[in-house]
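For any residue, its number in our numbering is found by taking its place in the sequence shown, counting from 1, and adding 61.
A quick write-up on the structure given underneath.
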Amino acid sequence: MMSKISNVLTMIEYLSTGRKYSIAELSEKLEVTPRMIRVYKDEIEKAGIYIDTIKGPYGGYVLNQNVSVPKRFITPNEINVKDKNLFNLINRAIKEKRKCLIEYYSKNEEKLTSRTIHPYDLILLGNEWGVAAYCELKDEIRHFYINRIKSIEILENFYN
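This is the structure:
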């Protein structure tokens, strides 16, 4: 059983293919009642994503606009993040396009390095959260596991 938000995002993902889905098909795929599919449709429309309803025996729902749902939300497994505060700080830095100074553990936690990063997006790395970021030390885009970040400081400088 998925959470309501997971179901809503999954429903958007199905509908964003442009294919028409009947309420029965969606309720079967999401393992909820047809009534809940109608509730989800209302919730999605409150967020400004409008779903067309086709009436009749071959009716259903169609999404006639491009909506991209981040794939990280469409996952049946629990995602492991030890420090939600760290996750939220990275998210804030991404939104504000701010550089961050992090202390980052190597794979086997033997070595700790200090890096200035430009975080672009939160991503899934297996079943753990990570951050895709430009690393000034390595002068390239790198992926950092959030659970291996010892500390983070959001800097005053912005990046493009």
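All residues carry an ideal CB built from backbone N, CA and C; glycine is no exception.
Just so you know, these numbers come straight off a predicted model, no measurement behind them.
Buried or exposed by the 16-neighbour rule on C-beta atoms within 10 Å, applied to residue i
i, result
"T71", "buried"
"F205", "buried"
"P95", "exposed"
Start and end residues, alpha helix (DSSP H) containing residue i
i, result
"L183", "Careful: L183 lies outside any alpha helix (DSSP H), inside the beta strand (DSSP E) at L173 to L186."
Closest Cα partner of residue i within the set the options
i, options, result
"S212", "S175, L185 and E189", "S175"
"I210", "K90, D200, E217 and K143", "K143"
"Q126", "Y181, Y75 and I66", "Y75"
"I151", "Y165, S167, Y181 and I105", "Y181"
"K81", "G121, A108 and E106", "G121"
"Y220", "L183, L198, H179 and S64", "H179"
"L124", "T78, L87 and I163", "T78"
"T114", "K107, R159 and K102", "K102"
Residue i - containing beta strand (DSSP E), residue span
i, result
"T114", "I112 to I115"
"S212", "I210 to F219"
Pairwise C-alpha distance: residue j and residue i
i, j, result
"A154", "I112", "33 Å"
"A85", "V128", "22 Å"
Task: Whole runs of the beta strand (DSSP E) within the segment 78-123, excluding any shorter than 3 residues - done: 112-115
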